[in-house]
Each structure stands twice: as structure tokens, then as C-alpha cells.
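K.L.:
Mapping of the sequence shown onto the numbering used here: residues 766 to 904, in sequence order. Attaching a single structure in C-alpha cells format; questions to follow.
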Amino acid sequence: MSHETDYTQLRAVQFEQDGDRHTVYASVHDLERRSEPELFGGERRGLYARLHVSTQPGERPTVRHMSRLVGEQAWVVDGEFAPNGFPRHNNGFGARYLRTHGLVVELDKLLNNAVLAQELAVEIGIDTPLVLDDESPED
């Protein structure tokens, strides 16, 4: 796999927040389509990814379990684990009946680009609803 499409490789991601410029190092793992039953019937369909983020190359990352459901315009943090493995919060895949947490736009873009590189969606982008290329995700 080439460096441009291998999103498991650590990448520097820069963003501005509260007037300060920040750099984090991120990689995308276990990117896949997923489908799970909803709590009260129906089905949650979308994408799952494990996002590793650290402030320095070589340090243990914070691990975020991410999802983006069909029709959603941004990724949501389903679970977050500190570098020591301590759970900061942990929800099931695509749980939207709880408080949700998002990412800075630059990390959203990294995830979107990884999805496009693996051709897992027809449409995905910032403020673009997720459209999968068929009616049922692969298991």
C-alpha cells in the first residue's frame, strides 16, 4: 500500500483552536462498514474506525473508537481510552441516544480521506451526508 493511501501510518495533523496552533499525530485503524441492531428495532448502518492520536511521535496514543452513520455529516466519538488504557467514555457503535462528542475538522478530514482511499463510501466529506455504495454494509 502506498504512503498516500496507508492511513495506518502516523500523520501530522495541524489545526487551530482558541487562537493557538496545534499539531497532533494520528493514524486510522480497523476502518470498516458496520451494521448493528438498534435498541428499539431497526438497524444502525455506517462506518467504524479506530483513531489513534498523540501529541508527540512515539508516545502512546489516546485511542478513539469512531462512527459515522448513513446520512450523518460528521464523525462521532463512541469510545475514548487514555494512553494508559483508562476509559474516558465508552458507548456502543453509533449510539446517538447519549451525549455525543466530535472531533476537530482536520481529524474528520483524515478519517474521510481514509474512507475514500478504501472506496468504502460514494459520498463523504465535511458537511456532506454519508452515502454508502450499496444498501447493506459488508459484514
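For each residue, glycine too, the CB sits at the ideal point set by N, CA and C. Just so it is clear, the structure is predicted and the values come from calculations on it, not from any experiment.
1. Just tell me which of A886, L876 and I891 has its CA closest to the CA of T773.
2. With C-beta atoms as the reference, is R799 less than 8 Å away from G811?
3. Shortest alpha-carbon distance to H866 belongs to which of Y813, G823, T820 and E845?
4. Can you check which of these residues, L872, A879, V887 and V778, is closest to D795 by C-alpha distance?
5. Could you tell me the alpha carbon to alpha carbon distance between G836 and R861, rounded to whole angstroms?
6. Restricting to Cα atoms, I'd like to know which of F805, L804, I891 and M831 is closest to H817.
7. Using DSSP's beta-bridge definition, name the partner residues of R809.
P.N.:
Taking the coordinates as given:
1. Locating residue 773 in the sequence shown gives position 8, counting from the first residue. For the residues A886, L876 and I891, the minimum Cα distance to T773 belongs to L876.
2. Along the sequence shown, one-based indexing puts residue 799 at 34. Along the sequence shown, one-based indexing puts residue 811 at 46. For R799 and G811, yes; Cβs fall inside 8 Å.
3. As a working mapping, residue 866 is identified with position 101 in the sequence shown. That would be E845, whose Cα lies nearest to the Cα of H866.
4. As a working mapping, residue 795 is identified with position 30 in the sequence shown. Nearest option by C-alpha distance: A879.
5. Locating residue 836 in the sequence shown gives position 71, where the first residue counts as 1. Locating residue 861 in the sequence shown gives position 96, where the first residue counts as 1. About 13 Å.
6. Within the sequence shown, residue 817 is the residue found at index 52, counting from 1. H817 has its Cα closest to that of M831, out of F805, L804, I891 and M831.
7. Locating residue 809 in the sequence shown gives position 44, counting from the first residue. Answer is E801, bridged to R809.
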